[in-house]
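If you read the protein sequences in the order shown, they are chains B and C.
Letter by letter, the first sequence follows residues 1 to 226 of UniProt numbering.
Letter by letter, the second sequence follows residues 1 to 226 of UniProt numbering.
There are 2 protein chains.
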Amino acid sequence: MKHIYTGKTKDVYELNDGNYLLQFKDDVTGVDGVFDPGANSVGLTIEGAGRSGLKLTKYFFEVLKEKGIPTHYVDADIEKATMTVKPAEVFGKGLEVICRYRAVGSFLRRYGLYAEEGQPLDAFVEVTIKDDERQDPPISEDALDMLGILSKDEYKVLKDLTQQISNVVKEELAKKGIELYDIKLEFGRTGTGRQIVLIDEISGGNMRAYKDGKYIEPLELEKLFL
Amino acid sequence: MKHIYTGKTKDVYELNDGNYLLQFKDDVTGVDGVFDPGANSVGLTIEGAGRSGLKLTKYFFEVLKEKGIPTHYVDADIEKATMTVKPAEVFGKGLEVICRYRAVGSFLRRYGLYAEEGQPLDAFVEVTIKDDERQDPPISEDALDMLGILSKDEYKVLKDLTQQISNVVKEELAKKGIELYDIKLEFGRTGTGRQIVLIDEISGGNMRAYKDGKYIEPLELEKLFL
């Protein structure tokens, strides 16, 4: 097993069979010691944060598997806080794909002239570039194509998968009376067919979830939901 | 003739026949007394600026008319610095449509991870919201549709017209050895058919133009080109 990458919240190892092992860490992103999933640097360490994120990720990736939606997931070991995944290559230097059901956060900061806080949105999809230095700017389908990051055909697949996956998460949360406001996903290409699959994780840190109109903190979500 | 609006660089009057009169002013946008077409407030007054902008606008709108590309233009009086136009309603509270031939300005600030300064772009179109308070954010086709600002069919027309018009301006400038890097256009709906037409102006303040690798100041462009 070869250590190949140290991320903010995960370490990555290459396995002998060609798969990868993600080691979920207790480090979480944040600013001034406060957990903020949108922050770009590690702000603090919370005991059990890695396992908590993995539990939700395992749950959602297994639901997606049952539904035949492609992901990089192979299996997970909660005790060791590790997840085995198929190799996948990200688009360009990494993209994030957001699906929105209510107007909050950066959507509202940008489009507040036309949208009210909390206004319902119909599974609105947007893509942002992972670029800490430039504050993860949003990018259009045309720009992704022109800059050679993602073809137009791939964009269609990406958007469709994002809405399918987000709707699954939304329905699962709704079973426990939790409402999904928005969710941030990552995708990659895998295998010789360069199939587009969901990668990374699905946990409290990837989404804004509310119960009875009150925001659920990322680490609370796992306790409330599972 | 009824005065109906005072803009940063133009006053608008309604004529008895239902058309509108745009009075081009010598006020230009800028910061700290320096002319900056991208600025959101009037920074200074330059004698002849209104007439200079109108001369270029008249030239380009008449070329577009010859080519059958729809605009709101009726005629212009350079001496009085006025332009007569058909009534048109803007999309939402106003949009700007940018066409880019080289990666500079806000494109580069956003996508510098994937683009080099001055890199050629293939008539790349993007739309921004006119919203001084939120720094004129870019907005996608999907968001325009979802927020009821522009339908998907209208977006197609808008993008196509933007590329046609920008290519005309690019070719006209090229005849004088001037290279168009990018241009910012405005559109509106006119008549009972709500036809999409080019509105506002086409002058040095709407574009970045270069000669022999050197940026041409907005007011210099008219002298150099006409």
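Even for Gly, the Cβ is constructed at its ideal location relative to N, Cα and C.
These figures come from a predicted structure and were not determined experimentally.
For residue i, which residues of its own chain have a beta-carbon under 7 Å away from its beta-carbon, when the five flanking residues on both sides are left out?
| i | result |
| --- | --- |
| C/Q164 | I69 |
| C/K159 | V125 |
| B/I196 | E154, V157, L158, L161, F187, R189 |
| C/K10 | L22, Q23, F24, K25 |
| C/K170 | Y101, L180 |
| B/L108 | A115, E117 |
| C/L144 | V127, L150, Y155 |
Assuming residue i and residue j are in contact, meaning their beta carbons sit under 8 Å apart, how far apart are those beta carbons, in whole angstroms?
| i | j | result |
| --- | --- | --- |
| B/F124 | C/M207 | With a Cβ gap of about 32 Å, B/F124 and C/M207 do not count as contacting. |
| B/L113 | C/I129 | 6 Å |
| B/L95 | B/L198 | With 8 Å as the limit, B/L95 and B/L198 do not qualify as a contact, their Cβ atoms being about 13 Å apart. |
| B/Y59 | B/L226 | 6 Å |
What is the residue span of the alpha helix (DSSP H) that residue i lies within?
| i | result |
| --- | --- |
| C/I165 | 152-174 |
| B/A143 | 141-146 |
| B/K223 | 218-225 |
| C/G53 | 49-66 |
| C/G105 | 105-111 |
Can you name the start and end residues of the beta strand (DSSP E) that residue i belongs to?
| i | result |
| --- | --- |
| C/L15 | That residue, C/L15, is in no beta strand (DSSP E); it is neither H nor E in DSSP. |
| C/P120 | 120-129 |
| C/T84 | 82-85 |
| C/G30 | 27-31 |
| B/K211 | 207-211 |
| C/A76 | 73-77 |
| B/Q195 | 195-199 |
| C/Q135 | Per DSSP, C/Q135 belongs to no beta strand (DSSP E) and is neither H nor E. |
| C/D182 | 178-190 |
| B/G114 | Contrary to the premise, residue 114 of chain B reads as Tyr rather than Gly in this sequence. Element bounds for B/Y114: n/a, residue is neither H nor E. |
| B/F24 | 20-24 |
| B/G43 | 42-45 |
| C/K2 | 2-6 |
| B/I98 | 95-102 |
Inspect the beta-carbon positions of residue i and residue j and report whether they are closer than 7 Å.
| i | j | result |
| --- | --- | --- |
| C/T45 | C/D27 | yes |
| B/G43 | B/T29 | yes |
| C/Y101 | C/Y181 | yes |
| C/A76 | C/G188 | no |
| C/S140 | B/S151 | no |
| B/T57 | B/E172 | no |
| B/V127 | B/V97 | yes |
| C/L219 | C/S52 | yes |
| B/Y20 | B/V85 | yes |
| B/P137 | C/R134 | no |
| C/D142 | C/N40 | no |
Short of 8 Å in beta carbon distance, which residues of its chain neighbour residue i, apart from the five on each side in sequence? Order them along the chain.
| i | result |
| --- | --- |
| B/E47 | D26 |
| C/K2 | Y13, E14 |
| C/G177 | K211, D212 |
| C/I216 | I178, G204, A209, Y210, L224 |
| C/Q119 | R102, A103 |
| B/I78 | R51, L54, K55, K58 |
For residue i, which residues of its own chain have a beta-carbon under 6 Å away from its beta-carbon, when the five flanking residues on both sides are left out?
| i | result |
| --- | --- |
| C/F35 | V28 |
| B/F91 | I149, L150 |
| B/S203 | G53, L56, T57 |
| B/V104 | Y181 |
| B/H37 | Note on identity: in this sequence residue 37 of chain B is Pro, with His being the wrong assignment. Excluding sequence neighbours, B/P37 sits near G205, P218. |
| C/K184 | E96, I98, N206 |
| C/Y5 | V12 |
| C/F61 | T71, Y73 |
Determine whether the Cβ of residue i lies closer than 7 Å to any Cβ atom of chain D.
| i | result |
| --- | --- |
| B/P218 | Absent here is chain D; the protein component of the structure consists of chains B and C. |
Problem set entry | Residues of the segment 40-53 of chain B with Cβ closer than 8 Å to any Cβ of chain C, in chain order | Correct list: empty, as no residue qualifies.
For this session: Note down, in chain order, all residues in the segment 110-128 of chain B with a beta-carbon under 8 Å from any beta-carbon belonging to chain C.
Result: The segment 110-128 of chain B vs chain C, Cβ under 8 Å: R110, Y111, G112, L113, Y114, A115, L121, D122, F124, V125, E126.
For this session: Using a Cβ-Cβ cut-off of less than 8 Å, list which residues of the segment 7-37 of chain C approach chain B; keep chain order.
Result: If you check each beta-carbon in the segment 7-37 of chain C against every beta-carbon of chain B, none falls closer than 8 Å.
Exercise. The segment 70-96 of chain C: which residues have C-beta closer than 9 Å to a C-beta of chain B, in chain order?
Worked result: Cβ contacts with chain B come from G92, K93.
Exercise. According to a CB-to-CB cut-off of less than 7 Å, which residues of the segment 144-159 of chain C neighbour chain B?
Worked result: Considering only beta carbons, the part of the segment 144-159 of chain C lying closer than 7 Å to chain B consists of M146, L147, I149, in chain order.
Exercise. Got a sec: which bits of the segment 182-211 of chain B sit with their beta carbon under 8 Å from any beta carbon on chain C, in order along the chain?
Worked result: Legend: CB atoms of the segment 182-211 of chain B lying less than 8 Å from CB atoms of chain C are not found in any residue.
For this session: With 8 Å as the limit, tell me which residues of the segment 163-179 of chain C have their beta carbon closer than that to any beta carbon of chain B; keep them in chain order.
Result: Cβ contacts with chain B come from no residue of the segment 163-179 of chain C.
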